[in-house]
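If you read the protein sequences in the order shown, they are chains P and V. For what it's worth, our numbering labels the leading residue of the first sequence as 258, then goes sequentially. For what it's worth, our numbering labels the leading residue of the second sequence as 258, then goes sequentially. Working notes, structure below.
Protein chains: 2
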Amino acid sequence: MKNDVIRPIGVIRSELTSLDSAPRLGEEGAPDAFLEVVPEYQEGLDGMLVGDEMIVITWLHHARRDVLKVRPRRDPSNPLTGVFRTRSPHRPNPLGLHRVKVLEVRAGGIKIGPIEAIDQTPVVDIKPVAWLNDY
Amino acid sequence: MKNDVIRPIGVIRSELTSLDSAPRLGEEGAPDAFLEVVPEYQEGLDGMLVGDEMIVITWLHHARRDVLKVRPRRDPSNPLTGVFRTRSPHRPNPLGLHRVKVLEVRAGGIKIGPIEAIDQTPVVDIKPVAWLNDY
Numbered sequence: 258m259k260n261d262v263i264r265p266i267g268v269i270r271s272e273l274t275s276l277d278s279a280p281r282l283g284e285e286g287a288p289d290a291f292l293e294v295v296p297e298y299q300e301g302l303d304g305m306l307v308g309d310e311m312i313v314i315t316w317l318h319h320a321r322r323d324v325l326k327v328r329p330r331r332d333p334s335n336p337l338t339g340v341f342r343t344r345s346p347h348r349p350n351p352l353g354l355h356r357v358k359v360l361e362v363r364a365g366g367i368k369i370g371p372i373e374a375i376d377q378t379p380v381v382d383i384k385p386v387a388w389l390n391d392y
Numbered sequence: 258m259k260n261d262v263i264r265p266i267g268v269i270r271s272e273l274t275s276l277d278s279a280p281r282l283g284e285e286g287a288p289d290a291f292l293e294v295v296p297e298y299q300e301g302l303d304g305m306l307v308g309d310e311m312i313v314i315t316w317l318h319h320a321r322r323d324v325l326k327v328r329p330r331r332d333p334s335n336p337l338t339g340v341f342r343t344r345s346p347h348r349p350n351p352l353g354l355h356r357v358k359v360l361e362v363r364a365g366g367i368k369i370g371p372i373e374a375i376d377q378t379p380v381v382d383i384k385p386v387a388w389l390n391d392y
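Next comes the structure, spelled out in structure tokens:
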């Protein structure tokens, strides 16, 4: 088992510009955003429809990769917990999962929301959500 | 935006040993498996409980990364569709999302299921599932 290279397939364009202004969960007032897909991967959007529910996978490039325990939601009264049981951005591979709805399909990308990722967050994959509830 | 390095945090130990024997969706008879976490990241499991519902993120190392359109479920009657609207393992970053239940917490890892990933599939992250339905 070896390391591998992960490549951005796109980037988030959002009004959220700082980590401090970003809500920590989708339901806490996150805005809509534009997911700009890099030209060489735009064909991968073919068939995408307004109303589709998708999982957007981001690469939280500001996160620390050497953290293994955190206090969830940065609340000092919460016990130290392994990062794999939390949504902390700080984790060995700083992947973020964001459940969104497709609001518009345009040349160059898709408008999606709500999403708490900040402006310029790299996107590494997009997948349909339906199956997550299908078992 | 640049490429980055993704590191395995663990590996799937499963009775599924070939891509041909692997069911394509969790509900189609996938077995349980052991998720062995590499020693340096085992602390990240602290607090994990039997019964937890998690998303396991795999790196589908046998997949092709140069495919942008597929016929879903390999059915020739399905239209060619952008990979980002499908669960095809073939995609620019071959990430797999697997919703599982934690069945046992042991030294060295967790028993999980059901999961359709084959033996020796690298695991790159583990996250709680609850929030996915929370909006």
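We treat Cβ as the ideally placed atom computed from N, Cα and C, and that holds for glycine. Values in this document were obtained by computation on a predicted structure and should not be read as measured data.
Residue i (DSSP reduced to helix, strand or coil)
{"i": "Leu-273 of chain P", "result": "coil"}
{"i": "Leu-302 of chain V", "result": "helix"}
{"i": "Tyr-392 of chain P", "result": "Only weak support is given to the placement of Tyr-392 of chain P: the predicted model assigns it a pLDDT of 33, under 50, and the question is left unresolved by the model."}
{"i": "Val-324 of chain V", "result": "coil"}
{"i": "Pro-329 of chain P", "result": "helix"}
{"i": "Asp-376 of chain P", "result": "coil"}
{"i": "Leu-352 of chain P", "result": "strand"}
{"i": "Asp-261 of chain P", "result": "strand"}
{"i": "His-319 of chain P", "result": "coil"}
Per DSSP, the bridge partner or partners of residue i
{"i": "Met-311 of chain V", "result": "V:Val-357 and V:Pro-385"}
{"i": "Glu-293 of chain P", "result": "P:Val-268 and P:Gly-366"}
{"i": "Trp-339 of chain V", "result": "First, the amino acid is wrong: residue 339 of chain V is Gly here, not Trp. Paired residue(s): V:Lys-326."}
Residue i to residue j span [Cα, whole Å]
{"i": "Val-313 of chain V", "j": "Lys-368 of chain V", "result": "12 Å"}
{"i": "Val-327 of chain V", "j": "Ser-345 of chain V", "result": "7 Å"}
{"i": "Tyr-392 of chain V", "j": "Gly-366 of chain V", "result": "Legend: pLDDT at Tyr-392 of chain V = 33, less than 50; position of this residue unreliable, no value from coordinates given."}
{"i": "Val-294 of chain P", "j": "Pro-371 of chain P", "result": "18 Å"}
{"i": "Lys-384 of chain V", "j": "Asp-303 of chain P", "result": "29 Å"}
{"i": "Lys-259 of chain V", "j": "Asn-260 of chain P", "result": "16 Å"}
{"i": "Gly-219 of chain V", "j": "Ala-290 of chain P", "result": "Any question about residue 219 of chain V goes unanswered here, given that chain V covers just 258 to 392."}
{"i": "Val-386 of chain P", "j": "Leu-306 of chain P", "result": "13 Å"}
{"i": "Glu-310 of chain P", "j": "Ile-269 of chain P", "result": "17 Å"}
{"i": "Val-324 of chain P", "j": "Trp-316 of chain P", "result": "16 Å"}
{"i": "Val-262 of chain P", "j": "Gly-308 of chain V", "result": "33 Å"}
{"i": "Glu-373 of chain V", "j": "Lys-358 of chain V", "result": "13 Å"}
{"i": "Leu-292 of chain V", "j": "Pro-265 of chain V", "result": "12 Å"}
{"i": "His-318 of chain P", "j": "Asp-382 of chain P", "result": "15 Å"}
{"i": "Arg-322 of chain V", "j": "Gln-299 of chain P", "result": "14 Å"}
Residue of the options minimising C-alpha distance to residue i
{"i": "Ala-287 of chain V", "options": "V:Glu-300, V:Glu-293, V:Tyr-298 and V:Glu-272", "result": "V:Glu-272"}
{"i": "Arg-330 of chain V", "options": "V:Thr-315, V:His-318, V:Val-262 and V:His-347", "result": "V:His-347"}
{"i": "Glu-297 of chain P", "options": "P:Gly-267, P:Pro-349 and P:Ile-263", "result": "P:Gly-267"}
{"i": "Ala-320 of chain P", "options": "P:Pro-349, P:Asp-382, P:Pro-265 and P:Leu-292", "result": "P:Pro-349"}
Near the ligand NAP: residue i beta-carbon under 7 Å from a heavy atom
{"i": "Leu-306 of chain P", "result": "The model on display carries no ligand, and the ligand NAP is accordingly not part of it."}
Segment contact, 8 Å Cβ cut-off, at least three pairs: the segment 324 to 338 of chain V with the segment 351 to 359 of chain V: With the cut-off at 8 Å, the segment 324 to 338 of chain V and the segment 351 to 359 of chain V do not touch.
The segment 268 to 276 of chain P / the segment 358 to 365 of chain V touching (three or more Cβ pairs under 8 Å): Under the Cβ criterion (8 Å, minimum of three pairs), the segment 268 to 276 of chain P does not count as touching the segment 358 to 365 of chain V.
Three-pair Cβ contact test at 8 Å for the segment 374 to 382 of chain V versus the segment 336 to 347 of chain V: Flag = no, the segment 374 to 382 of chain V and the segment 336 to 347 of chain V do not touch.
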